[in-house]
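Reading through the structure tokens given below for one structure.
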Amino acid sequence: MKPVLFALLFSFPAFATEVVQWENIPLPVTLHVGQERIVDVGKTVRIGYPATLEGKVRLQSAGGKVFLLANTAFPATRIQLRDTSSGELILLDIQATQSTSPLEPVQISYAPQTPAATKASVPVTASTEPLPVL
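Numbered according to mature numbering (1 follows the signal peptide of the UniProt record, and there is no 0), the sequence shown spans residues -16 to -1, 1 to 118.
See below:
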């Protein structure tokens, strides 16, 4: 009984999410031909891609997620995700390989926004001298 329970415990695949941090550096995303991979952007985005990817990959965006499905293998190619509300660009370097191993979904996390450095207040002193007229 114990060996059966032990086998059942480890027979179910554990799917985790690959979390990557957006730091204004293109994020690599690997695809496997014939397997859809979901990238959770967390924002509504429009996808920009080069013509070289036409027919090689299906790119769809819905509900803050990007759905990628490679039809054929291709080398690393840059795509752009543009936030529809702020216009911010997120860059992905996607590539597709032949493999049957399952891929985890990707979640993009963002560095906390630091407030702009507050300018030190410089006291303005009123000059008593008149401005010259030219």
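C-beta: ideal position from N, C-alpha, C; glycine also.
Small disclaimer: the values here were computed from a predicted structure and weren't measured.
Per DSSP, which residues does Ile92 bridge with? Please list them.
Val4
Taking all protein chains shown into account, do 16 or more other C-beta atoms lie within 10 angstroms of the C-beta of Ile9, making it buried, or fewer, making it exposed?
exposed
So with Cβ pairs under 7 Å, would you call Ile63 a contact of chain B?
The structure shown has no chain B; it contains just one protein chain.
Reducing DSSP to helix, strand and coil, say where Leu15 ends up.
strand
Gly32: first and last residue of the uninterrupted beta strand (DSSP E) it sits in:
Val29 to Gly32
For the beta strand (DSSP E) containing Lys49, list its first residue and its last residue.
Lys49 to Ala54
Taking 7 Å as the threshold (C-beta atoms), are Leu73 and Gln64 in contact?
yes
Alpha carbon of residue 125 to alpha carbon of Glu20, nearest angstrom:
A query on residue 125 cannot be resolved here, the shown segment of the chain reaching from -16 to 118 and no further.
If we count the other Cβ atoms within 10 Å of its Cβ and call it buried at 16 or more, is Ala(-1) buried or exposed?
exposed
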